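Read through the structure below, which is laid out as structure tokens, and then see the notes.
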Amino acid sequence: MEFQKYFQSYEDYFWEWDNQIFSEDSVFESLAIPNGQTIGYEKFVFEILEYLSEDSIPPFGSLLLAIIATNPENCASVQMIYELAKSKDKSDSFRTIKSTEASDFFRIGASIGFIKILASLPEEYKVGQKRMKLFQTIFHQCHNRISDEKAKKILKEYKEHRHHLARAGVKDAFNEANFIKDFRTLALLKVKFPTVQSLLKAMEDIPHEDLGDKLKEEVLEEKNLSDNVTSFVDQLIEEDKTFHVGSLIKRLWSGLNIPLHHNHPSEQPLGGISDLTNKGDFDKLVISEFAYDDDVFMSRIANNEALYIQREVPPEADKFVRILLIDSSLKNWGNPKILSFASAIAIARHPKTDIECKAFIVGKNYEEVSFDNVNNVIDALSNLSGKLDCSDGLNSFFLENKISSKNQEVFLFSSEESLKLAPMQKVTNDYFVDIKYTFSVGMQDVTVFKNHNKGKKMLQHIIMPLDELWVRNSKETITVAKNSTSVEIPLLYPVERFYKNVFESGGNFYFYLNGSLYQFFDNSFDKGLKKIASNLPFGNGEYAIKENDKGEKTMLYYFFDSAQNVSTINLETREIKKFKLIDDELNEGKLAVFEYNQDFFFMNNIYFWRINDDFSLDKAFSKSIKEAFDTHFEKQTVFVRNYRYNKFKYGVVKRLESVVIQKDVFKINNFYLSNFFFEKESKFSSRMSEDSAIKLEEKVNLVLKNVGTSPLAVIQTIKTNTDISLRDCKTITEQPFGVILESVKREVAEKLKKEIEKNGAVCYIENVLFEAVDGSTIRNQDGILIFESSNKQIEKIYIPFVIGTTTVMATENDFAGNSYFIEDAKRENIGEDRFSTKYLKRFIQNIIHHGA
Numbered sequence: 000m001e002f003q004k005y006f007q008s009y010e011d012y013f014w015e016w017d018n019q020i021f022s023e024d025s026v027f028e029s030l031a032i033p034n035g036q037t038i039g040y041e042k043f044v045f046e047i048l049e050y051l052s053e054d055s056i057p058p059f060g061s062l063l064l065a066i067i068a069t070n071p072e073n074c075a076s077v078q079m080i081y082e083l084a085k086s087k088d089k090s091d092s093f094r095t096i097k098s099t100e101a102s103d104f105f106r107i108g109a110s111i112g113f114i115k116i117l118a119s120l121p122e123e124y125k126v127g128q129k130r131m132k133l134f135q136t137i138f139h140q141c142h143n144r145i146s147d148e149k150a151k152k153i154l155k156e157y158k159e160h161r162h163h164l165a166r167a168g169v170k171d172a173f174n175e176a177n178f179i180k181d182f183r184t185l186a187l188l189k190v191k192f193p194t195v196q197s198l199l200k201a202m203e204d205i206p207h208e209d210l211g212d213k214l215k216e217e218v219l220e221e222k223n224l225s226d227n228v229t230s231f232v233d234q235l236i237e238e239d240k241t242f243h244v245g246s247l248i249k250r251l252w253s254g255l256n257i258p259l260h261h262n263h264p265s266e267q268p269l270g271g272i273s274d275l276t277n278k279g280d281f282d283k284l285v286i287s288e289f290a291y292d293d294d295v296f297m298s299r300i301a302n303n304e305a306l307y308i309q310r311e312v313p314p315e316a317d318k319f320v321r322i323l324l325i326d327s328s329l330k331n332w333g334n335p336k337i338l339s340f341a342s343a344i345a346i347a348r349h350p351k352t353d354i355e356c357k358a359f360i361v362g363k364n365y366e367e368v369s370f371d372n373v374n375n376v377i378d379a380l381s382n383l384s385g386k387l388d389c390s391d392g393l394n395s396f397f398l399e400n401k402i403s404s405k406n407q408e409v410f411l412f413s414s415e416e417s418l419k420l421a422p423m424q425k426v427t428n429d430y431f432v433d434i435k436y437t438f439s440v441g442m443q444d445v446t447v448f449k450n451h452n453k454g455k456k457m458l459q460h461i462i463m464p465l466d467e468l469w470v471r472n473s474k475e476t477i478t479v480a481k482n483s484t485s486v487e488i489p490l491l492y493p494v495e496r497f498y499k500n501v502f503e504s505g506g507n508f509y510f511y512l513n514g515s516l517y518q519f520f521d522n523s524f525d526k527g528l529k530k531i532a533s534n535l536p537f538g539n540g541e542y543a544i545k546e547n548d549k550g551e552k553t554m555l556y557y558f559f560d561s562a563q564n565v566s567t568i569n570l571e572t573r574e575i576k577k578f579k580l581i582d583d584e585l586n587e588g589k590l591a592v593f594e595y596n597q598d599f600f601f602m603n604n605i606y607f608w609r610i611n612d613d614f615s616l617d618k619a620f621s622k623s624i625k626e627a628f629d630t631h632f633e634k635q636t637v638f639v640r641n642y643r644y645n646k647f648k649y650g651v652v653k654r655l656e657s658v659v660i661q662k663d664v665f666k667i668n669n670f671y672l673s674n675f676f677f678e679k680e681s682k683f684s685s686r687m688s689e690d691s692a693i694k695l696e697e698k699v700n701l702v703l704k705n706v707g708t709s710p711l712a713v714i715q716t717i718k719t720n721t722d723i724s725l726r727d728c729k730t731i732t733e734q735p736f737g738v739i740l741e742s743v744k745r746e747v748a749e750k751l752k753k754e755i756e757k758n759g760a761v762c763y764i765e766n767v768l769f770e771a772v773d774g775s776t777i778r779n780q781d782g783i784l785i786f787e788s789s790n791k792q793i794e795k796i797y798i799p800f801v802i803g804t805t806t807v808m809a810t811e812n813d814f815a816g817n818s819y820f821i822e823d824a825k826r827e828n829i830g831e832d833r834f835s836t837k838y839l840k841r842f843i844q845n846i847i848h849h850g851a
């Protein structure tokens, strides 16, 4: 009965059993969407169910939806499912116990949204073993799951009585309860995995609170070491995907009592003068022995008195290899897996070891992996097996690889629970002689056993303080320096259209783009944007701003990547605080952020939390807070819509590629600046001659992006090729984006860049400005050109580099042109001709008169 109920098909539903064939291994040829594409062959679908049954299996319809989402060319299928589901949807279909209290419910949109997330995964996750692991990840402890015990009974009935499946192929009338079960399972998965990134992180098996007993995440601060191995460990710590492994390695180095060197003293020749001995082969007899007569000679031989020469044998290095076998089965998931990998890497990458190590991931089969770099470790961590234990893989490994105790040592890393299973007991007993060390891993400890004299000897028991090692600094505070090259500009800024990062706070509307924060002038589109701050260390996410009694603005930045990441920055003092929230109630998905009464709030469509200055949370139940959020959301939505449809649009150029003066006219990036308008070269060049053109010279900075694995070599290269002191060279390599060369010619920067990158570092060249022979400069700051003359009597000139509309030219006191970029209505508009004569032409003439 359970079998038929699970596989039962229904009228007017999104799937059906297709083409009954009754072959040896199938009852139907495939499953398909009615009048649509094939979902999958019967054999393939049951292979997936077999793979998942070690844990549990999801509702059959939910699994088919996931298969459809990961099939190639699935757009038409997803659309058919969406239309069918919409026709069946009722307002209460996806109500949950938790959301009922708040009059909120999951709708079809959430289910389709999760299907689209699956469809958006990289192609490599939609085929082969990674596809199986994907299904295993999303359906682990999913809603409406069927236990492994029941799942195995269902699959056993299929194997023994396959013909029973024919009954399930006869469609019953549409069943609403089954419809709700299939789609709500995916709707709830959308809460658990709200983005592609969160799903990929889950597949990499980073431990969560339920696996680690209240584990908190914190960046572990380590000293920057020049040694390659410790640098590698630091890279593991810095990378979120390997942080948990990397942060344990140095602690294990200090505790593990495993030999780091290997030799055979009794078998290794010592060299030097040849030895004499009383035992040996006759061809090694000392020549003086033949001087004795026959009787004495035979007597000396019989009584071991004869002397033999042991000639020197050239010393040979012993080829010794350690083999590390890491369990990837279900019982070793979570913390035991992280501890296993950390232990294996601690042995393989110890800075003092001279023993070669080979690592293998063992599950149903075995596969060799590398610990050479961070990416290889990430790939190894994502290698998971759906089996309960790794006995099959171990058996395959030892059958295919003969182990020599003379020059090989085998280490086995597995969880305590896995090692107690009967299949593991059998395989470890069968290959007892071959396994030298066994690491029995718990949730927070590692026990090391050595197989010795037909028994196991416990060498050590290491308790790992995970709460200490895996806790990121929840209140990390740093100060972000203001951009030293940034110039205060007396204009409103031109900003390209980008609607995603527009937000409302305190009745004002803001826009965040590429590290700069802008405010809409008078909350309208009739003017440019006012810059509030620049050089902010934030990416895309959610933002809010509040103001304290002193008038200081604090900006909050939030993003979700399987954990709630929050940062705040005081825009006046530049003090930034970072925090990673670990909370069961909050970690289900992305939250909304908003400001109300100079406080920051979280909202998850059901509840509200006030975010205090120390990042603690207080649940808020006030009706006024809900109304404030509704008002905030409505204002922001309307403003963004109006901004999107506003017809005044222009292009902004933020890079300088070339600057030329032709007949008192600037040609910048092949645009001629004429009559306060940047015109295309093709429209203007017919009137210009290049004979008398003055070209300004480009000046650039050389910036160190990544020091690589050989910081000492990089320091030496910088010191050799520049006049920078050794101390300053070291500082450049230690700070993020250290500037090696400032305001130099591009060819100079290119030459040094090639030399530095030979050592594995990564550099890039950034344009700073263009300079005339008299020292006058032109730079581009966020889309505004700044003209600074070598003659200090000529004021700085500011010109927005905009395409498609008239620009403005301005100094601190005067302006002419488009008033869209002018904030101060009291500033005098002196007219285009007068401004050009008073400022721009003087700027050009100063360059010409100084020998350009």
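Here numbering that gives the first Met the number 0 is used: the sequence shown runs in plain steps of one and ends on residue 851.
All C-beta atoms in this analysis are idealised placements derived from N, C-alpha and C, irrespective of residue type, glycine included.
Source: prediction; values computed, not measured.
Candidates the options: closest to residue i by CA position
{"i": "A68", "options": "I32, I322 and K618", "result": "I32"}
{"i": "N700", "options": "K694, V767 and K752", "result": "V767"}
{"i": "L383", "options": "R130, T572, I660 and P193", "result": "R130"}
{"i": "I610", "options": "F593, D280, E551 and S621", "result": "F593"}
{"i": "S61", "options": "A186, I739 and L555", "result": "A186"}
{"i": "I354", "options": "I344, D391 and I286", "result": "I344"}
{"i": "K579", "options": "Y40, S788 and D239", "result": "D239"}
{"i": "K87", "options": "N174, F134, P121 and F6", "result": "N174"}
{"i": "E82", "options": "Q140, R726, F13 and F319", "result": "F13"}
Distance cut-off 8 Å: residue i Cβ against heavy atoms of the ligand HEM
{"i": "I145", "result": "Absence of the ligand HEM from the depicted structure is noted, as is the absence of any ligand whatsoever, leaving it without description."}
Limits of the beta strand (DSSP E) - the one that residue i falls within
{"i": "T836", "result": "From DSSP, T836 is part of no beta strand (DSSP E); its letter is neither H nor E."}
{"i": "Q7", "result": "First-last for Q7: undefined, no H or E at that position."}
{"i": "D24", "result": "No beta strand (DSSP E) holds D24; DSSP gives it neither H nor E."}
{"i": "I531", "result": "L528 to A532"}
{"i": "N766", "result": "V761 to E770"}
{"i": "K666", "result": "V664 to I667"}
Cβ-Cβ separation, residue j to residue i (assumed contact under 8 Å), whole Å
{"i": "N564", "j": "T553", "result": "Wrong, their Cβ atoms sit about 17 Å apart, outside the cutoff."}
{"i": "L528", "j": "F520", "result": "7 Å"}
{"i": "E10", "j": "A176", "result": "About 15 Å separates the two Cβ atoms, so there is no contact after all."}
{"i": "S55", "j": "D181", "result": "That belief does not hold up - the Cβ atoms of S55 and D181 are roughly 16 Å apart, past 8 Å."}
{"i": "A167", "j": "Q7", "result": "5 Å"}
Reduced DSSP secondary structure (H/G/I, E/B, other) of residue i
{"i": "N705", "result": "strand"}
{"i": "G279", "result": "coil"}
{"i": "Q407", "result": "strand"}
{"i": "Q252", "result": "At residue 252 the sequence reads Trp, which differs from the Gln that was named. In this structure, W252 counts as helix in the three-state DSSP scheme."}
{"i": "V169", "result": "coil"}
{"i": "R726", "result": "helix"}
{"i": "I66", "result": "helix"}
{"i": "P799", "result": "strand"}
{"i": "H460", "result": "strand"}
{"i": "K180", "result": "helix"}
{"i": "R826", "result": "coil"}
{"i": "M79", "result": "helix"}
Test item: CB-CB of residue i and residue j under 9 Å
{"i": "D429", "j": "N394", "result": "yes"}
{"i": "G245", "j": "A347", "result": "no"}
{"i": "F502", "j": "Y492", "result": "no"}
{"i": "S109", "j": "K200", "result": "Sequence inspection shows Ala at residue 109; the Ser mentioned does not correspond to that position. Going by C-beta atoms, A109 is not nearer than 9 Å to K200."}
{"i": "F800", "j": "L695", "result": "no"}
{"i": "L323", "j": "A358", "result": "yes"}
Endpoints, alpha helix (DSSP H) assigned at residue i
{"i": "Q135", "result": "G127 to F138"}
{"i": "T427", "result": "A421 to D429"}
{"i": "P710", "result": "P710 to N720"}
{"i": "S623", "result": "K622 to Y644"}
{"i": "E546", "result": "Counting along the chain, E546 falls outside any alpha helix (DSSP H), though it belongs to the beta strand (DSSP E) covering E541 to E546."}
{"i": "A341", "result": "N334 to A347"}
Residue-level contact to chain C via CB, residue i, 9 Å cutoff
{"i": "L259", "result": "Here chain C cannot be found, since the structure has a single protein chain."}
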